[in-house]
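Peer 1:
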Amino acid sequence: MTNPGTHTAPSPGGGKLLSVEDLSVTFTRPGAEPFTAVDRVSFDVAPGEVVGLVGESGCGKSVTSLAVMGLLPRRGTQVRGRAVFDGTDLLTLSDGALRDRRGADLAMIFQDPLSSLNPVVPLGTQVAEVIRRHRRTGRAQALRRAQEMLERVGIPDPGRRMREYPHQVSGGMRQRVLIATALACEPRLLIADEPTTALDVTIQAQILALLKELVVGSGTSLIMITHDLGVVAGLCDSVNVLYGGRIVERADRYDLFDGPRHPYTGGLLASVPRLDGGQRRLHSIPGSVADNIPWSQGCAFAPRCAAATGLCRRESPVWSGEAGHRLRCHHPLPAATAAPTTGPKEQAP
Amino acid sequence: MYRFILRRTVQAGATFLALTAILFVWLRSLPGGPLDALLGENASPQDRAKLVESLGLDEPIWTQYVRYLGRFWNGDLGVSTGVWRGAPVTEVLLTRAPATVELALCALVIGTVLGVSVGYWAATRRGVFDFAFLSLSVLGLAVPVFFTAFVLKYVFAVRAGWLPPSGRADLQGVIPTPTGLTLFDSLLAGDGAALLESVRYLTLPTVALSIIPFAVIFRLTRASVAETLQQDFVRTATAKGLRNRTIAGRHVLRNSLLPVITVIGLQAGGLFAGAVLTETVFNYRGLGQSMALAFTTRDYAVLQALIMAVAVLYLFVNIVVDITNALCDPRVRMQ
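Top to bottom, those sequences are chains P and Z. Here our numbering is used: the first residue of the first sequence is 18, the next is one more, and so on. Here our numbering is used: the first residue of the second sequence is 39, the next is one more, and so on.
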């Protein structure tokens, strides 16, 4: 199944909690060409590790996580590959067995906290129901535990909030409720799908700090899906950059920020506004994902890439680079020399 | 919540009052009028004048209206001048209302239960059965009630002879009838034979009358469930590993049924309109059939009372619907 030479990059670290191998997701619709949203994506998550999946809209990062959770609609979706969680391939589990895992071993929080909460059910019940489902507890005990969780995620006056409804609390509070729900059964893996995108900037920082406090260092692994490199810089141990449904670059956080090798990653980093000056106009990557060519015909990024040559439009690049920093590019940016290890400072041209 | 209920009740009271005024004026502006109806067209001018005076028709209409309200308040709805000549209107009303309440309730319950369950099932499964029910529901909405009623009567009563073609189970003297609702009274008395008899008479009118509410509720539930299934919170519920029945009940149906509940209230109106036709076809002695009789004999006192009774039932159903909606949806309670 795996074929390390061509498309599987080795992962750092020994023990794996989750190992995604050659995951592909194809959407088929009658009367339309099948669309491959995720194309042989492989990555590992070690216990306690924070892994970032980064990329712009439509690069397949959300679809990857939904496929791992088994949350994609069955109709019109084809999922191939493996997602081995603690020795079991989640993709081959029966509905019932997967249901037992979801919410207990693996949890997920979503982008829009308002639409992700049921508008007609009290917040307390929405937290408590996951506890009642996976723990052998009575109603009262589950509600008590739910209130504890609300308190842990920093919701003031949790007793009152338990009885309130989503429309009665703020956006940041709603995301806190969802985090409380996700962590209520102490899962070993949390997938956060752009958890701060729908929030104000100040609230974003609070939510990230909360995730950091509750998840990072607690032994729970975290897959952070985001298009925001600032989030990655503050949180992730290792980063996977997705483009057009494939991982194009993988490195640990410092390597990536210090010396991005893939032109796409370089472009992304250059388009982040910086506070330390020296830059008049933000860089933008020309074109849009709509310009992509299929991976089967070359490099999907080639039409938007300044460094692209005829080779890029003929041949799909295979993995290259050293063990801790892999990439898929025919013409990588030069490796950083004397890379400082203090965080994102240098940037690609 | 109590304030909400109080407010809705006061609103309904105001609606009712406005309705009495509209109905009062409307009935009095119909051609013919009570004089022709009571005395016939060949009455002498003296008789007419006497009647005008005794009925108080020479007074300004608002004085008449106030007096009417006063009598209404005291439970006096007047006397029938038509089929039930001489009988107090209240008596006609009280003997007829239970039959219609029973018929309408049966039709509404059956239409709702089947509509919601088939609608949910169709939205989650799709496929051939979904398509079949969708097509059938269009047919059900397009075919007039009286036609369906005639076809049902012809096929199941006249041809097959399985069910009685007309009438209503007469349990007077067989078992005690405290409510006048045949099903309820039979159950109360624990009389199996009476229950069977009641069901036999109720079946065809109920089926005829429930087709439209079923079709409407089915289509709405189907659309609403299909929409709710796409919602993020259903995905959240699935991500929590909840069991299918929890997701279906607490997360999908509870949200999908909010618009359906409102429509059930609106359907009640159509149900009473349909009852007039259904009861006439099956000669089922309820408010609808009486209303048809009262119209043909220009029995204004009865007509006025019956229309008011239907309006009260309609208002009542809608208050219940509003309260249910508020109980189910916290966002409604806040307003």
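All C-beta atoms, glycine included, are put in the ideal place defined by N, C-alpha and C.
Under 8 Å, Cβ to Cβ, is there at least one residue of chain P near threonine 362 (chain Z)?
Peer 2: Numbered from 1 along the second sequence, position 324 holds the residue referred to as residue 362 (chain Z). Answer no: the Cβ-Cβ gap between threonine 362 (chain Z) and chain P never drops below 8 Å.
Peer 1: Hey, how far is the Cα of glycine 326 (chain Z) from the Cα of aspartate 337 (chain Z)?
Peer 2: The residue labelled residue 326 (chain Z) in the question sits at position 288 within the second sequence. The residue labelled residue 337 (chain Z) in the question sits at position 299 within the second sequence. Their backbone Cα atoms lie some 14 Å apart in a straight line.
Peer 1: How about valine 147 (chain P): is its C-beta nearer than 8 Å to some C-beta of chain Z?
Peer 2: Taking the first residue of the first sequence as position 1, residue 147 (chain P) is located at position 130. Yes, contact with chain Z.
Peer 1: Going by beta carbon distance, what residues of the same chain come within less than 6 Å of threonine 23 (chain P), once the five residues before and after it are set aside?
Peer 2: Taking the first sequence and counting its residues from 1, the one referred to as residue 23 (chain P) is at position 6. In this prediction, threonine 23 (chain P) has a pLDDT of 37, which is less than 50 and means its spatial position is unreliable; nothing more can be read from the coordinates.
Peer 1: Scan the region 226-244 of chain P for residues whose Cβ lies nearer than 8 Å to a Cβ of chain Z and list them as they occur along the chain.
Peer 2: Those residues of the region 226-244 of chain P that come within reach of chain Z (Cβ to Cβ, closer than 8 Å) do not exist; the list is empty.
Peer 1: Please confirm whether arginine 119 (chain P) has its beta-carbon closer than 8 Å to some beta-carbon of chain Z.
Peer 2: What you label residue 119 (chain P) is simply residue 102 of the first sequence in a count that begins at 1. Interface residue, yes.
Peer 1: Determine the closest residue to leucine 233 (chain Z) out of Z:Val245, Z:Arg105 and Z:Thr220, with distance taken between C-alpha atoms.
Peer 2: Position 195 of the second sequence holds residue 233 (chain Z). If we check each option's Cα against that of leucine 233 (chain Z), Z:Thr220 comes out closest.
Peer 1: Leaving aside the five residues before and after arginine 149 (chain P) along the sequence, list all residues of the same chain whose C-beta is less than 6 Å from its C-beta, in chain order.
Peer 2: Stepping through the first sequence from its first residue, residue 149 (chain P) is reached at position 132. Cβ neighbours of arginine 149 (chain P) beyond the five flanking positions: Ala159.
Peer 1: Rounded to the nearest angstrom, what separates glutamate 363 (chain P) and threonine 154 (chain P) at their Cα positions?
Peer 2: Working through the first sequence from its first residue, we reach residue 363 (chain P) at position 346. Working through the first sequence from its first residue, we reach residue 154 (chain P) at position 137. Bear in mind that the predicted position of glutamate 363 (chain P) carries a pLDDT of just 41, short of 50, making it unreliable; the figure below should be weighed with that in mind. Approximately 53 Å, taken between the alpha carbons.
Peer 1: Hey, out of Z:Pro368, Z:Ile250 and Z:Gly230, whose CA is closest to valine 147 (chain Z)'s CA?
Peer 2: Residue numbering aside, residue 147 (chain Z) sits at position 109 when the second sequence is read from its first letter. Of the listed residues, the one whose Cα sits closest to valine 147 (chain Z) is Z:Ile250.
Peer 1: According to the neighbour-count rule (16 or more other Cβ atoms, all chains shown, within 10 Å of its Cβ), is tyrosine 192 (chain Z) buried or exposed?
Peer 2: The residue labelled residue 192 (chain Z) in the question sits at position 154 within the second sequence. Exposed, by the Cβ-count rule.
Peer 1: For the beta strand (DSSP E) containing threonine 53 (chain P), list its first residue and its last residue.
Peer 2: Numbered from 1 along the first sequence, position 36 holds the residue referred to as residue 53 (chain P). Where threonine 53 (chain P) is concerned, the enclosing beta strand (DSSP E) stretches over 52-62.
Peer 1: What is the rounded straight-line gap between the Cα of threonine 362 (chain Z) and the Cα of arginine 41 (chain Z)?
Peer 2: Here residue 362 (chain Z) is taken as the residue at index 324 of the second sequence, counted from 1. Here residue 41 (chain Z) is taken as the residue at index 3 of the second sequence, counted from 1. Cα to Cα, the separation comes out at about 14 Å.
Peer 1: Distance check for glutamate 265 (chain Z) and glutamate 181 (chain P), CA to CA, integer angstroms please.
Peer 2: Against the first sequence, residue 181 (chain P) aligns to sequence position 164. Against the second sequence, residue 265 (chain Z) aligns to sequence position 227. Between glutamate 181 (chain P) and glutamate 265 (chain Z), the C-alpha separation is close to 25 Å.
Peer 1: In the DSSP assignment, the beta strand (DSSP E) including asparagine 309 (chain P) goes from what residue to what residue?
Peer 2: Looking up residue 309 (chain P) in the first sequence gives position 292. Neither: asparagine 309 (chain P) is in no beta strand (DSSP E) and is coded neither H nor E.
Peer 1: Determine which residues share a DSSP beta bridge with valine 42 (chain P) and list them.
Peer 2: Here residue 42 (chain P) refers to the residue found at position 25 of the first sequence. DSSP, once it has assigned bridges, lists P:Val55 and P:Val96 as partnering valine 42 (chain P).
Peer 1: On the DSSP bridge list, what partners appear for methionine 86 (chain P)?
Peer 2: Here residue 86 (chain P) corresponds to residue number 69 of the first sequence, with the count starting at 1. Partner(s): none; methionine 86 (chain P) has no beta bridge.
Peer 1: Assign glutamate 339 (chain P) to buried or exposed, taking buried as 16 or more other Cβ atoms, counted over all protein chains shown, within 10 Å of its Cβ.
Peer 2: Counting from 1 along the first sequence, the entry for residue 339 (chain P) is found at position 322. Exposed: under 16 other Cβ atoms inside 10 Å.
Peer 1: Using the C-alpha atoms, what's the distance from alanine 49 (chain P) back to arginine 205 (chain P)?
Peer 2: Residue 205 (chain P) sits at position 188 when you count from the first residue of the first sequence. Residue 49 (chain P) sits at position 32 when you count from the first residue of the first sequence. Spanning the two alpha carbons is a distance of roughly 39 Å.
Peer 1: Which residues mark the beginning and the end of the alpha helix (DSSP H) in which methionine 125 (chain P) is found?
Peer 2: Locating residue 125 (chain P) in the first sequence gives position 108, counting from the first residue. That residue, methionine 125 (chain P), is in no alpha helix (DSSP H); its beta strand (DSSP E) goes 123-126.
Peer 1: At the level of alpha carbons, what is the spacing between threonine 300 (chain Z) and methionine 39 (chain Z)?
Peer 2: Here residue 300 (chain Z) refers to the residue found at position 262 of the second sequence. Here residue 39 (chain Z) refers to the residue found at position 1 of the second sequence. The straight-line gap from Cα to Cα measures roughly 18 Å.
Peer 1: Beta-carbon separation of alanine 84 (chain P) and leucine 35 (chain P) under 8 Å?
Peer 2: Position 67 of the first sequence, counting from 1, holds the residue named residue 84 (chain P). Position 18 of the first sequence, counting from 1, holds the residue named residue 35 (chain P). Their beta carbons are not under 8 Å apart, which means alanine 84 (chain P) does not touch leucine 35 (chain P) by this criterion.
Peer 1: Kindly list the residues whose CB is nearer than 7 Å to the CB of valine 212 (chain Z), restricted to its own chain and excluding five residues on each side of it in sequence; keep chain order.
Peer 2: Looking up residue 212 (chain Z) in the second sequence gives position 174. For valine 212 (chain Z), where only same-chain residues beyond five positions count, the Cβ hits under 7 Å are Ala232.
Peer 1: Hey, out of P:Ser59, P:Thr43 and P:Leu89, whose CA is closest to aspartate 270 (chain Z)'s CA?
Peer 2: To locate residue 270 (chain Z), count along the second sequence from 1; it is residue 232. Ranking P:Ser59, P:Thr43 and P:Leu89 by Cα distance to aspartate 270 (chain Z) puts P:Leu89 first.
Peer 1: So, methionine 166 (chain P) versus leucine 134 (chain P), is the Cβ gap smaller than 8 Å?
Peer 2: What you label residue 166 (chain P) is simply residue 149 of the first sequence in a count that begins at 1. What you label residue 134 (chain P) is simply residue 117 of the first sequence in a count that begins at 1. Cβ distance not < 8 Å, so methionine 166 (chain P) and leucine 134 (chain P) don't count as in contact.
Peer 1: Please report the distance separating the alpha-carbon of phenylalanine 54 (chain Z) from that of aspartate 208 (chain Z).
Peer 2: If you number the second sequence from 1, residue 54 (chain Z) lands on position 16. If you number the second sequence from 1, residue 208 (chain Z) lands on position 170. Taking the straight line from one Cα to the other gives about 33 Å.
Peer 1: For glycine 165 (chain Z), decide whether its Cβ has a neighbour in chain P, counting only Cβ atoms nearer than 8 Å.
Peer 2: Locating residue 165 (chain Z) in the second sequence gives position 127, where the first residue counts as 1. With 8 Å as the cut-off, glycine 165 (chain Z) does not count as an interface residue toward chain P.
Peer 1: For valine 137 (chain P) and glycine 93 (chain P), I'd like the C-alpha separation in whole angstroms.
Peer 2: Here residue 137 (chain P) corresponds to residue number 120 of the first sequence, with the count starting at 1. Here residue 93 (chain P) corresponds to residue number 76 of the first sequence, with the count starting at 1. Going from the Cα of valine 137 (chain P) to the Cα of glycine 93 (chain P) covers about 31 Å.
Peer 1: Is it right to say phenylalanine 252 (chain Z) is buried, meaning 16 or more other beta carbons lie within 10 angstroms of its own, or is it exposed?
Peer 2: Within the second sequence, numbered from 1, the residue matching residue 252 (chain Z) stands at position 214. By the neighbour-count rule (16 or more Cβ atoms within 10 Å), phenylalanine 252 (chain Z) is buried.
Peer 1: Who are the neighbours of leucine 440 (chain P) on chain Z, taking C-beta pairs under 9 Å?
Peer 2: With chain P represented from 18 up to 366, any question about residue 440 (chain P) goes unanswered, as that position is not in the structure.
Peer 1: Please state whether the Cβ-Cβ distance between phenylalanine 110 (chain Z) and serine 204 (chain Z) is less than 8 Å.
Peer 2: Counted from its first residue, the second sequence places residue 110 (chain Z) at position 72. Counted from its first residue, the second sequence places residue 204 (chain Z) at position 166. It is not a contact, given that the beta carbons lie outside the stated cut-off.
Peer 1: Closer than 8 Å between beta carbons: that is the criterion. Which residues of the region 207-221 of chain Z meet it against chain C?
Peer 2: The displayed structure is made up of protein chains P and Z, and chain C is not among them.
Peer 1: Per DSSP, which residues does glycine 69 (chain P) bridge with? Please list them.
Peer 2: Within the first sequence, residue 69 (chain P) is the residue found at index 52, counting from 1. Answer is P:Met241 and P:Val256.
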